[in-house]
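The numbering used here puts the first residue of the sequence shown at 1091, with every later residue one more than the last.
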Amino acid sequence: MSRTSEGLSVESVWRGGVSPFAVSWRKLMMWLFIITDGLLFAGLLAGYGFVRLASPQWPNRAEIFHLDFIALMTFILITSSATMATAVGAARQGRMQTAFRFVLLTILGGLGFLSCQAYEWSKLISEGARLSSNPWGVPLFSAAFFIITGFHGSHVLTGVIILSVVAGRALRQRITPEGVELAGLYWHFVDLVWVFIFTLFYLI
């Protein structure tokens, strides 16, 4: 079979090889997913920004949210990102038991964040906030808040499920370092999205 100048077969070049751009197919697919999902979140947040700028009046966040509680939620999620990074580092060094423990801490962080979000939602709903109504003014505020934070919350829940699978496989020594890293990429993406949501909804 003929060879290219780099010593690769024509067949492998035609198929793209197993590591296009020096990245494994699994990691490439994860990056493509993150980019696609990131664009979706960007569209949602851009739509929120447009509606907010187009509205003559907008609810005062200080009357709706307790910033100390939201800061706690953010701290929990950022801390879970740090524990996930530690888990990835341990997995790369072949210390799967250590990776398991830090993935478990990350799961607890995710569950803690979801619990805080559930409490926040229940409080707002009890005060009359709905997708179609808003006791503080513009109805679109409540709709945007529930849709965007709910969409992000579903990603956190998905991440917790993925990390649970990763933890189980790490405990049984049946996962590669790349598997832990892929889960870490997803989790860091979810954390980064929350930083933008936190800034737009709670700070600005």
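For glycine and all other residues, C-beta sits at the position ideal for the given N, C-alpha and C.
Are residue i and residue j close, meaning C-beta to C-beta below 9 Å?
i, j, result
"Pro1267", "Arg1182", "yes"
"Leu1135", "Ile1287", "yes"
"Gly1137", "Ala1234", "yes"
"Phe1236", "Leu1221", "yes"
By how many angstroms is the C-alpha of residue j removed from the C-alpha of residue i?
i, j, result
"Ala1175", "Gly1274", "7 Å"
"Ile1252", "Arg1116", "15 Å"
"Arg1259", "Leu1201", "20 Å"
"Leu1290", "Leu1261", "39 Å"
"Ala1177", "Thr1196", "9 Å"
"Val1246", "Ile1154", "23 Å"
"Val1256", "Thr1188", "13 Å"
"Ser1232", "Gly1199", "26 Å"
"Thr1169", "Phe1192", "11 Å"
"Gly1243", "Met1163", "12 Å"
"Thr1126", "Leu1157", "31 Å"
According to DSSP, is residue i helix, strand or coil?
i, result
"Trp1115", "helix"
"Leu1221", "coil"
"Trp1226", "coil"
"Trp1277", "helix"
"Ile1294", "coil"
"Ile1252", "helix"
"Ile1125", "helix"
"Arg1142", "helix"
Let me see if you follow: with CB-CB separation under 9 Å, is residue i close to chain D or not?
i, result
"Leu1198", "Chain labels in this structure do not include chain D; a single protein chain is all it has."
Mind checking which residues open and close the alpha helix (DSSP H) that includes residue i?
i, result
"Trp1211", "1186–1216"
"Arg1151", "1151–1154"
"Ile1166", "1157–1182"
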